[in-house]
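Asks: Residue numbering for the sequence shown follows this note's numbering, beginning at 1001 and increasing consecutively. Glycine included, C-beta positions come from ideal geometry on N, C-alpha and C.
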Amino acid sequence: MQKIATQVFVYASLLFGVIGLLIVLTSGGPNTPDTPLTETLIRLLFGTVFIILPSFALSIAGKYLNGKL
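(1) Among residues of its own chain, excluding the 5 on either side of Leu1037, which ones have a beta-carbon nearer than 8 Å to its beta-carbon?
(2) How is Gly1047 classed by DSSP in three states: helix, strand or coil?
(3) Is Ala1005 near Leu1065, with beta carbons less than 8 Å apart?
(4) How many Å lie between Leu1021 and Leu1015 at the Cα?
(5) Need the endpoints of the alpha helix (DSSP H) that Gly1087 sits in, please.
Shown next, in the form of structure tokens:
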């Protein structure tokens, strides 16, 4: 379980970085409204956060519990 959680954490972290870069590249600026693409990317960015946090917690918990789950 720890190995799976660690892999999910790594992939979600990479996806977080890619989506963050896409937001920076596609955003209009401080005084312009968000485009539908930017809104979708921001939602995906928040989604990856909700994947990263539990997978990180499971990975750390699995390490300290030595696979007793």
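Replies: Result, derived from the coordinates:
(1) These residues qualify, in order along the chain: Thr1026.
(2) It is helical.
(3) Pairing Ala1005 with Leu1065 gives a Cβ-Cβ distance that is not under 8 Å.
(4) One C-alpha to the other measures close to 10 Å.
(5) Lying outside 1001 to 1069, the shown extent of the chain, residue 1087 is not represented and no answer is given.
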